[in-house]
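Residue numbers (the working numbering): 973 to 1300.
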């Protein structure tokens, strides 16, 4: 039996080494030091792993897809830098966010430069027959994630966010980048159109499950593992599915007041977070979110079975299982 955990660690090590090569020894330092800071902070490297494993699933050499995966990883981290600015977040993965460690102009400019670095990395495939499609899907993911962030911001001031609104935002903000990771890997490996469609479907279901899990962990994870304060989404008044479901179920006065704070201009103090957690648990929102996550994870594994069954798809299955079981 393959030791998939060791294989995963090997790939992550290669990804980190290549990522260091992409950003090292560049000037001016005040532009590139923040980029190196966020790219070297030990992220899970989910997106490049998906890209490489999708390439192998399609019949290609996974190492050929490493730069495509890095392009997406750099783009993803760009969105985190700018998200942290918009949300005024103090921590990212347990470390001070760039706009606080340096300053706001530096964070904006470094984020902008990361898109250029991502495209430069993707240009290493300019001689590939599928390069045009790779650029098309990369820009699709980039535009979708920006639209998703715009919806997230819009919801901050919206009083009637629906479940449909939430899922539209998640499809754009989270799922589209995972779809792009898988599709770029498939294109590197020469996947047929049928399998490209399955990779897109896999990324959609995986992305929805991933975001729902993130929303849940924001309130239920161990703070030391999460790398940020518990209840951050509540403090930032994010209209997650947890909040939407709780609003539908809140009947007693105390619950209604807690929910109304999220849809108001009031500041939510940190010491109220335990009350929110107790309410969500009592209203059985957490359990329902877990069931929805299971539904989308099941869809992901079913879609995976439609793809070629080989070492690449086995690695994808292992990675999906790990994501399903993650606690931070």
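Beta carbons: idealized from backbone N, C-alpha and C, even for Gly.
A quick note: this is a predicted structure, and the numbers were derived from the prediction, not measured.
For residue 1029, the three-state secondary structure derived from DSSP is helix.
Using a 10 angstroms sphere on the CB of residue 1122, the tally of other CB atoms stays under 16, which defines it as exposed. The alpha helix (DSSP H) runs of length 4 or more contained entirely in the segment 1047 to 1084 are, from start to end of the chain, 1070 to 1073. In this structure, DSSP gives residue 1002 a helical state, which the three-state scheme calls helix. If you compare the alpha carbons of 1206, 1262, 1261 and 1022 with that of residue 1241, the shortest gap goes to 1206. Within the segment 1193 to 1240, the runs of alpha helix (DSSP H) that reach at least 4 residues and sit entirely inside it are, in chain order, 1195 to 1198, 1204 to 1207, 1213 to 1221 and 1225 to 1234. Between the beta-carbon of residue 1190 and that of residue 1204 there is about 6 Å, and that keeps the pair under the 8 Å contact cut. Taking every protein chain shown into account, the CB of residue 1254 has fewer than 16 other CB atoms within 10 angstroms, so this residue is exposed.
Secondary structure of residue 1100 (DSSP, three-state): coil.
For residue 1137, the uninterrupted alpha helix (DSSP H) segment begins and ends at 1135 to 1142.
Distances from the CA of residue 989 to each of 1020, 1243, 1135 and 1172 were compared; the closest alpha carbon is that of 1020.
Looking only at 1283, 1282 and 1288, the smallest Cα-Cα distance to residue 1272 is reached by 1288. Contact check for residue 1026 against residue 1158 passes: the beta carbons are separated by less than 8 Å. Under the three-state reduction of DSSP output, residue 1299 falls in the coil class, being neither helix nor strand. For residue 1235, the closest of 1188, 1126 and 1179 by C-alpha to C-alpha distance is 1126. Going by beta carbons, residue 1133 and residue 1211 fall inside the 8 Å limit.
For residue 1262, the enclosing alpha helix (DSSP H) begins and ends at 1257 to 1276. Collapsing the DSSP output to three states places residue 1151 in a helix.
Linking residue 1096 to residue 1084 through their CA atoms gives a straight-line distance of about 20 Å.
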